[in-house]
Structure formats: C-alpha cells, structure tokens
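Here the structure comes first, spelled out in structure tokens, and everything after it is commentary.
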Amino acid sequence: MFSVSKISMFVSGKDLFKDISFMIQPKDRIGLVGKNGAGKSTMLKIIAGFQEPSSGSIDISNDKTVGYLPQEMHFAPSMSVYNETITVFAEINKLEEEEKYIGEQLTIRTDYESESYHNMIDRLNDIHIRLDHLDADKIEQKTEKILKGLGFTRDEFDMPLSSFSGGWQMRVELAKILLTQPSLLLLDEPTNHLDIESIMWLEEYFMSYPGAIMMVSHDRRFLDNITNRTIEIVFGKIYDYPAPYTKYLTLRQERYDNQIATMKNQQKYIDQQEKFITRFKAKASKAKAVQSKIKLLEKVDRVELDEFETASIQFKFPPAPRSGQLVVEAKGLSKAYGDKQVLRDVNEKILRGERIAFVGKNGMGKSTLIRIITKETDCDGEIILGHNVEMGYYAQIQEKTLNENDTVLQSIENEAVGDWSKNHRIRGLLGAFLFGEEDVDKKVKVLSGGEKSRLALAKMLLKENNLLILDEPTNHLDIAAKEVLKNALIQYDGTLIVVSHDRDFLTGLTSKTLEFTADGLKEHLGDIDEFLNKYKLDHFREFELNKKAEKEKSTKKPSSGKADFENRKNQDKELKQLKNDLSKCEKKIAELEDQIAKMESNMSNPEFYENEDASKKAFFEHSNLKSSLDRKLNEWEKIGEKIEKLEAQ
82 MFSVSKISMF
92 VSGKDLFKDI
102 SFMIQPKDRI
112 GLVGKNGAGK
122 STMLKIIAGF
132 QEPSSGSIDI
142 SNDKTVGYLP
152 QEMHFAPSMS
162 VYNETITVFA
172 EINKLEEEEK
182 YIGEQLTIRT
192 DYESESYHNM
202 IDRLNDIHIR
212 LDHLDADKIE
222 QKTEKILKGL
232 GFTRDEFDMP
242 LSSFSGGWQM
252 RVELAKILLT
262 QPSLLLLDEP
272 TNHLDIESIM
282 WLEEYFMSYP
292 GAIMMVSHDR
302 RFLDNITNRT
312 IEIVFGKIYD
322 YPAPYTKYLT
332 LRQERYDNQI
342 ATMKNQQKYI
352 DQQEKFITRF
362 KAKASKAKAV
372 QSKIKLLEKV
382 DRVELDEFET
392 ASIQFKFPPA
402 PRSGQLVVEA
412 KGLSKAYGDK
422 QVLRDVNEKI
432 LRGERIAFVG
442 KNGMGKSTLI
452 RIITKETDCD
462 GEIILGHNVE
472 MGYYAQIQEK
482 TLNENDTVLQ
492 SIENEAVGDW
502 SKNHRIRGLL
512 GAFLFGEEDV
522 DKKVKVLSGG
532 EKSRLALAKM
542 LLKENNLLIL
552 DEPTNHLDIA
562 AKEVLKNALI
572 QYDGTLIVVS
582 HDRDFLTGLT
592 SKTLEFTADG
602 LKEHLGDIDE
612 FLNKYKLDHF
622 REFELNKKAE
632 KEKSTKKPSS
642 GKADFENRKN
652 QDKELKQLKN
662 DLSKCEKKIA
672 ELEDQIAKME
682 SNMSNPEFYE
692 NEDASKKAFF
702 EHSNLKSSLD
712 RKLNEWEKIG
722 EKIEKLEAQ
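If you're matching positions, the sequence shown starts at 82 in my numbering and goes up one per residue.
Structure, rendered in structure tokens:
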C-alpha cells in the first residue's frame, strides 16, 4: 500500500538516516520509536509529503490518502470550533455551491437542446454521485460525533478557538483528520495534550479504524493498546519488530543477548584458529593446514552487535536563592474566556519549599492559572508574588519561550549573564543537553519537539530560580530524558509547581496535589500516589472515569420498591415507542431515497426536458424531497440519541 524505498536524509552535515526501506500494509498499527532527534518526526513528514528526502522515494497507490497530525499547529483564533473543523469539507462545500448554481440555471434557461445545457445536466449528475460518495448529507452528524468523542460539548461548538487551551485546539486538528478517514494516519505525539477520557476514546476509535496508523508517542500504555508493530530508528538505521512497545523491548533485548552469545562463540572459534596459525605458521609440514585456516577465517561473516543509543542529558538545577515564606497567593481570582468560566473565586497560598502537582481534565484551568502567575494573561481578583521570588517557567508550547529564528547557540547566548556568558561554559551546557558542535548552529524552527524541550530546560539553568513552574514538561521527552529531569527536580531545593498527567513522573516528586474540577480547586496533601490511593485507584485513567461515573450516579434520583418498578415500566414503554418511531423513520428515509434516485435517473435523460413545465415542476419536487430527507435524517438522529440515553439508564 505504502512503500518507503531507500530513504536517506542528510541534515547539518550528517546522515539523520540512510537507505531506510519498509512497507506499510492496510491494517498496520506502527509505533515509530527512538531517541529525541533520531528522525522520527522527520520520517513522518517525509511520508506525509511535507518534506523531501535527500534521496529515495515514497510510493503511494493512486487511491490512497494520507492524514498527518504534527506536534505543533497554528490556528485561526477567530474561527469557532465547529467552523474550523468543517474546513476539511472544502470539496463538499464547493460542490454544494455548484449544485445550487446549476439547479438555478436549469430552472431559468430555455435552451434545452443546446450542448451547454446537456453538459450542465451531466455535471449535476456527476456532482450528485460525488456528494453521495462523500456522505455529504452526514457532515453534521459525523462532525458532532468526532468532536464529542474528543471531549467537546455541543455548547462549545460555536466558541472561538482562542478561548481554548492548546490541548483543546490540538483536538480540533485531530478531529479534522479523523473526519477525512485517510488510508494512512500519521500521528506525531497525539496524546501530548489529551486527558485520560479522550485518550481512551481515541484508543477505542483506532481499534476499529479502517486504515493504517503510524505514530510517534512516548506514552507506553497508548502504544501497547494500539500498535501491533514497532519500528525503531537508531543511528540512522531501523529495526522492525512485529510487536507492540513493551514486547518490542523484550524482543530487542533477546536479540541483543543472542548476538552477544553468538559473537562470544564466534570469537572463541576465531581465537582457536588464530592460535593454530600462530603456532604452526613457521613449520613447513603444517603450511597447507595453516593456509586452509587463514582462508577459513577470511570467509567468516563477523557478527556485529546492533547499536543502541546510550547518550542521555545530564544536569541539575542551580541552588535556589531564599525567598519569602509566601511565594504565590491568589485572592478571589477568577478568569473567563467569553462565556466560558475557567476559574472562579480561587483563594490559594503556595509557600516556600512546597512541591505541588496540578492535575485534572484539560480545560479546567491548570495552564490558565500558570499563565496568570507568570503574568501572561490578566484576571479578575488578585495574584501576589512573594518577596524575592525568582521564577523559572517551562511552557507547554515552546514557541512561548523560544525564538524560532534564533540558533541553538543564540538561544543560550541571549540569556546568558555572568560566568554563563563565557563561550566554553555555554557550549558545555549545550553538550550536557546533547547538542554537539554540529547542532549549535541549527535554527530553533528546525528542531524536533524533544530538542526544543531540551533547549528550554537548558535555558532554565542560566538563572538561579527559587520558583520553578513546569507545564507538561514530559510531552516531548523520551523515557530516559524524563527520568533525568525527574531526578534533577527531586534534588532541586526551591518551590515547584508541575502540571502533568504522567503519574510515573509525578510519583515521589510532589508533596501536595491541587485537583482542578468543574466545582473549583481541591487540595490533597501528599504525593500523587497518596492522592490516588485515597480514591483506591491505580492510575489517572481509572480516576477520571470513576469521577465521571460518580457524577452521573449523583444526578440520578434514588428510588426503590414500587416507585422504581413504575419508573422502569414507563421507561420500557417510552423505549418501545421510540424504537417504533425509529423504524418508521428509517422506512420513510428509504422511500425518500428511492424517490430521489428515480427522479435523478429521469433527470439524466434528455427526453425529460422536452416538456418545459413538467421539468420545472420536477426540479422543485426534487428540491422538496431533498429537504424532506434532511428533516427525516435529523429526526432519525434525535430519536437515536433518546434511545441511547434511555438504554444507558
């Protein structure tokens, strides 16, 4: 279906990868893994056609399409959620406008026998066939289903994108891709900005997805639940495993252990032959045997160990200067985006040395509160920074703290003061974050998400901060880099605020949890494990689903005995009536579709237009039938929703 043939990519004087080839089959679920900067995102861009390789080719069947979700996106903030989503239906919108124009022309023109008139008839028929293929009459239904699955409520469809966090904006782009149902989905860190419920919905959606999927992700659970194949990029080469992530790790280690054992046995054999050659090479009587041994050694295919990436970032935060006892205080703090109230009457104190995790669903105000603390946005109420507070901020979206037109070296030089301004110290710092001499002159805009994350972390070391605020710091970091960052934060002696959905990262890192809910902020003492154990849960996924179940349960009125029986009886009666209505509606839809199909068949016959009055009347009747069909489809959808709600009770 998709063939990657001898792809090579030459970047900044070195091969990112060389002569890579593999096939993507229709039902493949591929996890693309490797260290940050190994070329994973570049590989996705090349397959998607957004970047040209240095050599090689991507062969795609004519009828196949590709959908690509990048790590970073740019939106039109004035567009509403719904309007931005349906921009993917540009072809349908254009065809419907043309359909309307042709319909109007056919009713007012009288040159029924002309070639142009018949061409319009043919074009109208082609449009109807294409619109039917694209399921044009189900745009609204499909769009609503996807947006709701990704966490949007119907009331939020008309809200501007600018009123949503980066995570919710990313969901809109994901919705657009899912609506087009491409033959191959290419996803670069799709779970970075998703909450647990949306991740689970996405997992379920992908399990029945009709096309192939290839993704870059550092979410092990997500990879294990979806993928059936893992392709690893290491030092410009690939290793292809027919297994999801966790099993791939086992297979990789087994392969490496087997290689070591084989190499040891081979080396033992080689040593024995070389000892024989050394011992008898001077004896004429053994000359023939020695030459035979030499020829045998020359033919030995030497076993080579697969290369493993072992380099990792190394750093620790500088000592924190002493601040006042009160670090941050919120007094009656509220924030709304239009009609959407994100934070309401927040009163909270953060004291020196506290280590706090912000948790909760996307859109509950975690990043908004951080933007208020960092003075990036205003609010109602008051936010107070304490005495001698020096703040270091790691933004969820790196464009906020990095200038994309600077080089890696300039990004550090522009911030460096004192001893840090010395060139050897700057280059030493960049080296600790895996930026070699060949990397320092790269523009920020060409860096991978992981490289930008490392650069942003390096910048934070240039200043002695006593308050660190990290907003989703693990999003673009590989597993090894996450561990290094966590260890550095554990040793940090200042005040810490972390926004994250990564339980493993938060475990043992924080001493207090602030839970952001629709009802406000709730404070829980202890680290994330204590917070979860309080609810007898093992991970965030179960926590958020349980919260949803509890909320739904609390909205139901208690009932028992006879009253409960009567309620159930009434529900069964209503459900039976709704199913009868649904059946009638489906029959009517089928009748209307048959009538429209017959009429369109007649309209494609030139003899149809011989009677001017009859043809005009038919066009109006056709329009009325289409309108009736649309109404019936809407009625069918609403009845179906009512049935689903009743059956869920």
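C-beta: ideal position from N, C-alpha, C; glycine also.
{"Item": "Leaving aside the five residues before and after residue 462 along the sequence, list all residues of the same chain whose C-beta is less than 8 Å from its C-beta, in chain order.", "Value": "411, 412, 413, 414, 415, 426, 427"}
{"Item": "Look up residue 131 in the DSSP assignment and say whether it is helix, strand or coil.", "Value": "coil"}
{"Item": "Tell me whether the stretch 287-300 and the stretch 260-277 touch, counting them as touching only if at least three CB pairs, one residue from each stretch, are closer than 8 Å.", "Value": "yes"}
{"Item": "Would DSSP call residue 438 helix, strand or coil?", "Value": "strand"}
{"Item": "Does residue 184 come out as helix, strand or coil in the three-state DSSP assignment?", "Value": "helix"}
{"Item": "Can you tell me the Cβ-Cβ gap for residue 548 and residue 575, rounded? I've got them flagged as a contact below 8 Å.", "Value": "6 Å"}
{"Item": "Using only alpha-carbon positions, find the residue among 458, 112, 715 that is nearest to residue 269.", "Value": "112"}
{"Item": "With residue 536 as the anchor, note down where its alpha helix (DSSP H) starts and where it stops.", "Value": "530-541"}
{"Item": "I'd like to check one pair, residue 498 with residue 408: are the Cβ atoms closer than 8 Å?", "Value": "no"}
{"Item": "Suppose the cutoff is 6 Å on Cβ atoms and the five residues either side in sequence are ignored; what does the same chain contact list for residue 354 look like?", "Value": "374, 378"}
{"Item": "Tell me the start and end of each unbroken beta strand (DSSP E) in the stretch 238-310 that is at least 3 residues and wholly inside, in chain order.", "Value": "265-269, 293-297"}
{"Item": "Roughly how many angstroms separate the alpha carbons of residue 279 and residue 698, rounded to a whole number?", "Value": "50 Å"}
{"Item": "Is it right to say residue 308 is buried, meaning 16 or more other beta carbons lie within 10 angstroms of its own, or is it exposed?", "Value": "buried"}
{"Item": "For the stretch 243-257 and the stretch 188-200, state whether three or more C-beta atom pairs, one from each stretch, are separated by less than 8 Å.", "Value": "no"}
{"Item": "Buried or exposed: residue 325, going by 16 or more other Cβ atoms within 10 Å of its Cβ?", "Value": "buried"}
{"Item": "Smallest Cα separation from residue 102: which of 366, 318, 555, 441?", "Value": "318"}
{"Item": "Grouping DSSP H, G and I as helix and E and B as strand, with all else coil, what is residue 696?", "Value": "helix"}
{"Item": "Measure the Cβ-Cβ separation of residue 119 and residue 314 and say whether it is below 8 Å.", "Value": "yes"}
{"Item": "Could you give the C-beta distance for residue 590 and residue 608, rounded to a whole number, given that I count them as a contact under 8 Å?", "Value": "7 Å"}
{"Item": "Using C-beta distances below 6 Å, list every residue in its chain close to residue 183, excluding the 5 sequence neighbours before and after it, in chain order.", "Value": "201, 205"}
{"Item": "With the cut-off set at 8 Å, would you say residue 63 and residue 260 are in Cβ contact?", "Value": "Shown here, the chain extends from 82 to 730; a query on residue 63 therefore has no answer."}
{"Item": "What is the DSSP secondary structure of residue 496, counted as helix, strand or coil?", "Value": "coil"}
{"Item": "Does residue 85 come out as helix, strand or coil in the three-state DSSP assignment?", "Value": "strand"}
{"Item": "Which class does residue 430 belong to by DSSP, given the choice of helix, strand or coil?", "Value": "strand"}
{"Item": "Compare the beta carbon distance of residue 220 and residue 170 with 8 Å and say whether it is the shorter of the two.", "Value": "yes"}
{"Item": "Check this for me: beta carbons of residue 162 and residue 98, under 8 Å apart or not?", "Value": "no"}
{"Item": "Residues in its own chain within less than 6 Å of residue 322 by CB, not counting five upstream and five downstream?", "Value": "311, 329, 332"}
{"Item": "Specify, as a first and last residue, the run of the alpha helix (DSSP H) that residue 505 falls within.", "Value": "504-513"}
{"Item": "Assuming residue 473 contacts residue 544 (C-beta within less than 8 Å), just tell me the rounded distance between them.", "Value": "6 Å"}
{"Item": "Does DSSP classify residue 138 as helix, strand or coil?", "Value": "strand"}
{"Item": "Using the Cβ count rule (16 or more neighbours within 10 Å means buried), how would you classify residue 682?", "Value": "exposed"}
{"Item": "Can you tell me which of the three DSSP states residue 444 falls into?", "Value": "coil"}
{"Item": "Between the alpha carbons of residue 696 and residue 710, how many angstroms are there, rounded?", "Value": "21 Å"}
{"Item": "Spell out the partners DSSP gives residue 104 in its beta bridges.", "Value": "84"}
{"Item": "Indicate the three-state DSSP secondary structure (helix, strand or coil) for residue 161 in the structure shown.", "Value": "strand"}
{"Item": "In three-state terms, what does DSSP make of residue 411?", "Value": "strand"}
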